[in-house]
Amino acid sequence: MKKKTICIRIISFCLIFCLLFSLATEIMKDKRCEGEYDVTNKVKGFYKEPENSLDFVFIGSSQLYAHVAPAVLYRDYGITSYDFAANEQPLWISYYYIKEALKHQKPKAILLEVFTLYGDDYEEEGINHVNLDDLPWSMNKVHAILDGVPRELQYSYFFELAKYHSTWSGFYEGKYVYTFQSPVNINKGYSPFVVYREYEEAAKKEVIQCKECTPIPERAEEWLLKIIELCREENVDLIFFKTPNGNQERQKLYNSFEAFSKEQNVPFLNMNTVLDGEAHVNVLQAEKISRHIGDYLRKRYEIEDKRTDKRFPYRNAWEESVRSFEKAKEECEQAEPMCVE
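Below you can see the structure in the form of structure tokens.
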């Protein structure tokens, strides 16, 4: 009996220790919840979306969440979608974001924004933490760490307190609050950049006329093929696309990618040769880009218009998202050029 009591106490102590350790880790972890680069809100917000309620899931980097506004797709087409993205997301982590998305949604297609097509090596430690920290623990996250992080650095992703133990000095209330609160992301992963910008009506001439090709890096091509295979196994359509960044050098890479996508029989929507852009476009240009994508999707898919579908129970949430976008659009229209001395 005495041995049994000792065992129970030891097990209880271990369980309580693990619980408190996990809680301390979650509290101490960085929370990215403010401004345009609020990745914690974007990633955790995805899990707040009702299961199987999204027509499309967008995957990619910050160029995705600055360029594609799901509110516009709903407002103008009755399409539901989400930007499931994080800064500079490499393709080998996008692969696991797609797997994660398909656990919770049955979209008509996954749309992968291919900005990080240039990737030929591991990303820096900070970028990997931004992409991996907010994913819930599962074997999917374990494999994402094993494939996405150099072996000598993996310990700080499995033992996260090793990374964040010294953050007591910079502790703020939001860290505690966002440990226990995971609000719905009203913008569906999108970030409204409310700044004054002037864009040309079409893509820059040097981008349109660029015919040179830069080879796709070997590591990037390896993971693109894995992503294609994954989507085929999951019986979900895959669409590659590139939002406009107005970059002639990068267009050389997209020229090679166009040939690759044709070879793999996967559609590639290259808006870099259609619209003007930059790394992070403002709200007004994001609206144009989103409409271009909406037109493209409407031509390819029969989609029930959720705006008029009486059986769709989430209209209020989507209408709120539209109101949020319209407010940001109004602020952007009133923005003035910044004075540079």
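Per this note's numbering: the sequence shown = residues 49 to 389. We put the beta carbon where it would ideally sit given N, CA and C, even for glycine. Keep in mind the model is a prediction, meaning the values are calculated, not measured.
- Distances from the alpha-carbon of Asp168 to those of Leu301, Glu306, Tyr362 put Leu301 closest.
- Rounded to the nearest whole angstrom, the CA to CA distance from Ile264 to Ser304 is 7 Å.
- The Cβ atoms of Leu150 and Ile158 sit closer than 9 Å to each other.
- Under DSSP, Ser129 forms a beta bridge with Phe104.
- Counting only runs of at least 4 residues, the segment 291 to 315 fully encloses the following alpha helix (DSSP H) elements, listed from N- to C-terminal order: 296 to 311.
- When DSSP reads this structure, Ala134 sits in no beta bridge, so it has no partner.
- In this structure, Lys336 places its C-beta atom within 9 Å of the C-beta atom of Leu323.
- The C-alpha of Asp285 is placed about 26 Å away from the C-alpha of Ile193.
- For Asn318, the beta-bridge partners assigned by DSSP are Lys290.
- Between the segment 137 to 149 and the segment 199 to 206, the count of C-beta pairs closer than 8 Å stays below three; the two stretches do not touch.
- Beyond the five residues adjoining it in sequence on each side, Gly126 comes within less than 6 Å, by CB distance, of Asp353, Lys354, Arg355 in the same chain, given in chain order.
- In the structure shown, the three-state DSSP call for Glu161 is strand.
- Comparing C-alpha distances from Asn283 to each of Ile275, Leu183, Phe289 shows the shortest one belongs to Ile275.
- Pairing Tyr143 with Asp195 gives a Cβ-Cβ distance under 9 Å.
- Sequence-distant Cβ neighbours of Asn100 in its own chain, meaning closer than 7 Å and more than five residues away, are Gln153, Lys154.
- Secondary structure at Asp182: coil, using DSSP grouped into helix, strand and coil.
- DSSP, reduced to helix, strand and coil, places Asp285 within a strand of the structure shown.
- Taken atom to atom, the span from the alpha-carbon of Tyr238 to that of Pro231 is near 15 Å.
- One alpha carbon belongs to Ile141, the other to Glu248, and they sit about 33 Å apart.
- Residue environment for Asn313: exposed (fewer than 16 other C-beta atoms within 10 angstroms of its C-beta).
- A buried status is given to Met319, since no fewer than 16 other beta-carbon atoms sit within 10 Å of its beta-carbon.
- In the DSSP assignment, Tyr113 falls within the unbroken alpha helix (DSSP H) covering 110 to 115.
- Contact holds between the segment 290 to 299 and the segment 250 to 266, because three or more Cβ pairs, one in each stretch, are under 8 Å apart.
- Of all C-beta pairs linking the segment 102 to 110 to the segment 131 to 140, three or more are shorter than 8 Å, placing the two stretches in contact.
- The three-state reading of DSSP puts Cys279 in helix, counting H, G and I together.
- Taking a contact to require three or more Cβ pairs closer than 8 Å, the segment 368 to 387 and the segment 117 to 124 qualify as touching.
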